[in-house]
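Sequential numbering from 47 applies to the sequence shown in this note's numbering.
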Amino acid sequence: MASIPDRSSGDAVTESFTPSEKFYYDDASIYFGIDGVLYGVHLSRLTQKFNFFSTFFSRDSKDIATLVQGKTPEEPIQLLFGPRGGRLTHKEFNVVCQWVYESAFFYEKPSAEDLATLLYVGELYGDSSATKFAEKAFSKFRSPLDPIARIRHGRTLDRFPLAESGYVDLASKSDLRLLSSEQIKELGLEVYSTLLRFQAKTDAYRLYLVHPPQPLHVIGCKYADFDQSPCAEQLWTFWSTVSRVLLHPERREHLITFWSVIEETDRRTLLLCTVATIEAVSASTIYFYEDYLFVEALKEIRKLDGFSSAS
47 MASIPDRSSG DAVTESFTPS EKFYYDDASI YFGIDGVLYG VHLSRLTQKF NFFSTFFSRD
107 SKDIATLVQG KTPEEPIQLL FGPRGGRLTH KEFNVVCQWV YESAFFYEKP SAEDLATLLY
167 VGELYGDSSA TKFAEKAFSK FRSPLDPIAR IRHGRTLDRF PLAESGYVDL ASKSDLRLLS
227 SEQIKELGLE VYSTLLRFQA KTDAYRLYLV HPPQPLHVIG CKYADFDQSP CAEQLWTFWS
287 TVSRVLLHPE RREHLITFWS VIEETDRRTL LLCTVATIEA VSASTIYFYE DYLFVEALKE
347 IRKLDGFSSA S
């Protein structure tokens with residue numbers, strides 16, 4: 047958690063600060079010095095938004111650090127963050143202040159990095175509304191870099207649903223072969239290879255949709271007298287086989303129902319529109335199989351990235 051240097055301990059941090067251009071108010075009630083920048087803000091607004099600060103400033107009044115630090119710009123509170131240690135940067139605290147004073151900014155055109163930082167500070171300082179807003183807003187972003195940002199911050203916060211949305215977008219909307227070496231390095235070679243295998247498998251099965259075998263009439267076909275091309279019988283055999291082979295048992299019930307209904311009818315009544323129906327349902331079979339493949343890929347990625355079972 048963030049901490050305040052105890053002056054009596056002899057290890058207080060001494061640092062010069064430049065007032066923030068945006069978040070230094072003349073009537074400020076609390077002062078923070080972060081990354082060389084001095085913030086003068088209103089304690090009431092800060093504690094209203096973030097549970098951490100509400101708890102922090104309601105501690106025992108005997109806490110000398112709380113009483114002394116932050117009351118004047120000459121002795122600001124110097125925040126040290128976070129779950130993994132290290133110094134909080136002024137860019138991150140700018141986002142904290144923007145959420146407190148200028149929340150409308152995040153409803154207009156925030157960047158992916160702005161939202162990722164809002165998610166981070168929301169998690170760090172205990173504002174579930176900031177966290178939920180950022181996660182929801184991420185779903186509206188579709189630039190190639192945004193999935194990487196979501197994965198990065200999902201890993202940082204051990205929040206698999208956030209990283210998962212990045213994996214899904216990356217695998218389904220990007221050609222992974224075009225990623226830069228820096229992006230591949232950030233993903234990790236094992237995760238990248240897993241996603242690439244998923245894309246290769248699904249691309250192979252999509253070939254069935256684009257280039258299905260020619261279902262021509264065979265010798266002795268009872269439908270040869272019908273002027274139908276392609277042959278409904280052969281088309282039926284091909285796609286029903288594909289469905290049964292590709293689909294995971296738990297995900298093919300609706301298609302099996304479809305097949306059984308058709309099998310109870312006289313297939314001589316199959317018209318071209320019915321052939322098209324079989325093709326359409328079979329196309330959905332392929333996409334359901336893609337979904338199954340990706341579920342399996344995500345299970346593997348979750349283990350590779352070391353997400354906790356509770357994330």
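Note that the Cβ used here is the ideal one computed from N, Cα and C, for glycine as well.
Residue i (DSSP reduced to helix, strand or coil)
i, result
"L208", "helix"
"T64", "strand"
"G86", "strand"
"Y71", "coil"
"F96", "coil"
"F102", "helix"
"S354", "coil"
"K345", "helix"
"E121", "coil"
"V256", "Below a pLDDT of 50, predicted positions are generally treated as unreliable, and V256, at 49, falls in that range; the measurement from the model is reported next regardless. Note: V256 maps to helix in three-state DSSP."
"C319", "Interpretation of C319 is limited by its pLDDT of 37, a score under 50 that renders its predicted location unreliable; no figure is taken from the coordinates."
"D215", "helix"
"F304", "Model confidence at F304 stands at a pLDDT of 42, short of 50, so the residue's coordinates are unreliable; what they give is reported in the following sentence. Helix at F304."
"K247", "helix"
"K155", "coil"
Beta-carbon separation (whole angstroms), residue i vs residue j, contact threshold 8 Å
i, j, result
"I347", "V237", "5 Å"
"L344", "E169", "Not confirmed; about 22 Å, so no contact."
"W145", "K68", "That belief does not hold up - the Cβ atoms of W145 and K68 are roughly 13 Å apart, past 8 Å."
"H199", "A176", "The pair is not a contact, with the Cβ atoms about 13 Å apart (cut-off 8 Å)."
"F206", "F353", "4 Å"
C-alpha gap between residue i and residue j, whole angstroms
i, j, result
"V341", "F98", "36 Å"
"F103", "L89", "9 Å"
"A246", "D204", "28 Å"
"P119", "S100", "21 Å"
"K349", "G212", "16 Å"
"I76", "L92", "9 Å"
"Y147", "S218", "37 Å"
"A27", "L241", "This structure cannot speak to residue 27, because the chain is shown only from 47 to 357."
"E181", "E228", "25 Å"
"T64", "V141", "18 Å"
"A183", "E159", "12 Å"
"D351", "D72", "47 Å"
"Y85", "Y166", "20 Å"
"I197", "L208", "7 Å"
"Y171", "P193", "24 Å"
"Y70", "P156", "22 Å"
"D215", "V87", "39 Å"
"E121", "Q115", "6 Å"
"C143", "S62", "21 Å"
Residue range of the alpha helix (DSSP H) that includes residue i
i, result
"T163", "158–171"
"L203", "191–203"
"Q144", "136–147"
"I230", "227–233"
Residue range of the unbroken beta strand (DSSP E) whose run includes residue i
i, result
"G79", "76–80"
Test: residue i CB closer than 8 Å to a CB of chain B
i, result
"R223", "The displayed structure is made up of one protein chain only, and chain B is not part of it."
The ligand FMN heavy atom lying under 7 Å from the CB of residue i
i, result
"Y153", "Annotation note on the ligand FMN: not contained in the displayed structure, which lists no ligands."
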